[in-house]
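Worksheet for the structure shown next.
Numbering (mature numbering (1 follows the signal peptide of the UniProt record, and there is no 0)), first residue to last: -20 to -1, 1 to 360.
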């Protein structure tokens, strides 16, 4: 009862651990592998350990369901050392469940560790091959409990070398449901495993940073806003092209001595400045992770347009002390400026940071905890 309860806790912890992560490369055809195993097996009791050991070999096909849980189908056959004339005297096919203890207790960092330990438990079918002169063949159920000591090699972690100690019980004879050590064997295997490529381009699962839904919505709004500005600019370019065409026609008429009176009105189209808004938590001037994309847009634009400059105005909500909020507004503007300088190498002489104190430009007080960065394109 206690063992079952403890196992249930481990499985629950593994499930919660996996669900807490955002993973790529988890489709049905991802994380499959094939392995070749070989080693020896010897009776657990009533026999010399090393002298009674005989060779076994086989294949294993499996899938890693999550960084913690996996399963495999393993087939092993024993090399005959008895009087029977068969080359292989037994066969064991087992379905194994695996739990990666490193990822369960230490978390998964997006890349397999160089060395990892798996706990393995399985149930299978066993069959003894005998020539008629020696005895009858037998079928039976087996269970396996063991571990896998894995060494993940290479930059792509596509190959794993493993040591696989286990104890295998035969469930036949008297009281077949009992795990009788006298009907068990010690299995010592070494194996090499190849992990097939995944849909994410790797041979293992990778982590992705979950996006804040509000940040995604803000990005979409900004994209739509920029698309609107592009449409305005396209319209301005079309109007400019029409004016150029008209001027070219007039020039050609003048060159052909065909003067005509031309009345022309040129309208200037004012292009709106690009802006990006960074919101802050109450009483803080630290840029939240969800707001970094808003700073990144300014930084990337300024790197691509060396002549551009930016004015950053920091604001605070009406809550709290007036003097503190005035300092906080300046600190929020300086925080955005510092990130542009450090992360995107924008020169300080291209950035103006101003603290504008408290504001009530938005009806919701929390929305006034912002820094607004306005770009000056300086395309001339």
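Every residue gets a Cβ at the ideal spot worked out from N, C-alpha and C, and that includes glycine. Because the structure is a prediction, the values reported are computed rather than measured.
**Message:** Using the three-state DSSP reduction, which class does residue 5 fall into: helix, strand or coil?
**Reply:** Coil, per DSSP.
**Prompt:** Nearest CA to the CA of residue 293: which residue from 337, 304 and 300?
**Reply:** It is 337 whose Cα lies nearest to the Cα of residue 293.
**Asked** Which one of 327, 284 and 335 has the shortest CA to CA distance from residue 308?
**Response** For residue 308, the closest C-alpha among the options 327, 284 and 335 is that of 335.
**Prompt:** Which residue from 186, 138, 38 and 145 puts its Cα closest to that of residue 87?
**Reply:** The option with the nearest alpha carbon to residue 87 is 186.
**Request:** Provide the residue span of the alpha helix (DSSP H) that contains residue 203, from first to last.
**Result:** Per DSSP, residue 203 belongs to the alpha helix (DSSP H) from 193 to 235.
**Asked** I think residue 36 touches residue 56, with their Cβ atoms under 8 Å apart; what is that distance to the nearest whole Å?
**Response** Contact holds; Cβ gap of about 5 Å.
**Prompt:** In three-state DSSP terms, what is residue 302?
**Reply:** It is helical.
**Asked** Should residue 179 go down as buried or exposed, given a rule of 16 or more other Cβ atoms within 10 Å for buried?
**Response** With fewer than 16 other Cβ atoms within 10 Å, it is exposed.
**Message:** Quick check: residue 124 and residue 74, are their CB atoms within less than 8 Å of each other?
**Reply:** For residue 124 and residue 74, yes; Cβs fall inside 8 Å.
**Prompt:** Are the CB atoms of residue 121 and residue 103 nearer to each other than 8 Å?
**Reply:** Yes, they are a contact pair.
**Message:** Cutting at 7 Å between CB atoms, please list the residues of its own chain near residue 285, excluding the five before and the five after it.
**Reply:** Excluding residues within five positions, the ones whose Cβ falls inside 7 Å are 357.
**Prompt:** Roughly how many angstroms lie between the CA atoms of residue 5 and residue 184, to the nearest whole one?
**Reply:** Within the model, the alpha-carbon separation for residue 5 versus residue 184 is close to 7 Å.
**Message:** Using a 10 Å radius around the Cβ and a threshold of 16 neighbouring Cβ atoms, would you call residue 149 buried or exposed?
**Reply:** Buried.
**Asked** Is the Cβ-Cβ distance between residue 151 and residue 170 less than 8 Å?
**Response** For residue 151 and residue 170, no; Cβs fall outside 8 Å.
**Item:** DSSP three-state assignment for residue 263, whether helix, strand or coil
**Value:** Assignment of residue 263 by DSSP, reduced to helix, strand and coil, places it in the coil class.
**Residue span of the beta strand (DSSP E) that contains residue 336, given as start and end** = Bounds of the beta strand (DSSP E) holding residue 336 are 331 to 338.
**Message:** At 3 residues or longer, what runs of the beta strand (DSSP E) sit wholly inside the region 48 to 133?
**Reply:** The region 48 to 133 contains, as complete beta strand (DSSP E) runs of 3+ residues, the segments 49 to 59, 68 to 80, 95 to 108 and 118 to 133 (chain order).
**Distance, residue 77 Cα to residue 304 Cα** = Looking at the two C-alpha atoms, the distance is approximately 59 Å.
**Prompt:** From which residue to which residue does the beta strand (DSSP E) around residue 174 run?
**Reply:** Note, residue 174: beta strand (DSSP E), 164 to 175.
**Message:** By DSSP's criteria, residue 356 is part of a beta bridge. Which residues make up the other side?
**Reply:** Partner(s): 289.
**Prompt:** How is residue 155 classed by DSSP in three states: helix, strand or coil?
**Reply:** Coil at residue 155, not helix or strand.
**Prompt:** Alpha carbon to alpha carbon, what distance is there between residue 223 and residue 361?
**Reply:** Because the chain in this structure spans residues -20 to 360, residue 361 falls outside the shown range and cannot be described.
**C-alpha gap between residue 350 and residue 283, whole angstroms** = Their Cα atoms are separated by approximately 23 Å.
**Request:** Could you pull the start and end residues of the beta strand (DSSP E) that residue 40 belongs to?
**Result:** Start and end: 34 to 44.
**Three-state secondary structure assigned by DSSP to residue 312** = In the displayed model, residue 312 falls within a helix according to three-state DSSP.
**Asked** From this set, 42, 129, 136 and 278, which residue's C-alpha is nearest residue 355's C-alpha?
**Response** The shortest C-alpha separation from residue 355 is found at 278.
**Prompt:** Starting from residue 274 and walking both ways along the alpha helix (DSSP H), at which residues does that stretch end?
**Reply:** For residue 274, the uninterrupted alpha helix (DSSP H) segment begins and ends at 272 to 284.
**Item:** Buried versus exposed, by CB contacts within 10 Å (16 or more), residue 92
**Value:** With 16 or more other Cβ atoms within 10 Å, it is buried.
**Asked** In three-state DSSP terms, what is residue 146?
**Response** Strand.
**Message:** I'd like the list of long-range same chain contacts for residue 339, defined as Cβ closer than 6 Å, with 5 residues on each side in sequence excluded.
**Reply:** Take residue 339, set aside five residues on each side of it, and the residues of its chain with a beta-carbon closer than 6 Å to its own are 295 and 348, in chain order.
**Request:** Return yes when the Cβ of residue 24 is within less than 8 Å of the Cβ of residue 164, no when it is not.
**Result:** In contact: residue 164 and residue 24 (Cβ atoms closer than 8 Å).
**residue 167 versus residue 89: straight-line alpha-carbon distance, rounded** = Looking at the two C-alpha atoms, the distance is approximately 32 Å.
**Message:** Which of the three DSSP states is assigned to residue 16 in this structure?
**Reply:** Taken through DSSP and simplified to helix, strand or coil, residue 16 comes out as strand.
**Asked** Would you call the region 39 to 54 and the region 213 to 220 in contact, with 3 or more CB pairs under 8 Å?
**Response** No, the region 39 to 54 does not touch the region 213 to 220.
**Item:** Residue(s) in a DSSP beta bridge with residue 23
**Value:** Residue 23 is bridged to 165.
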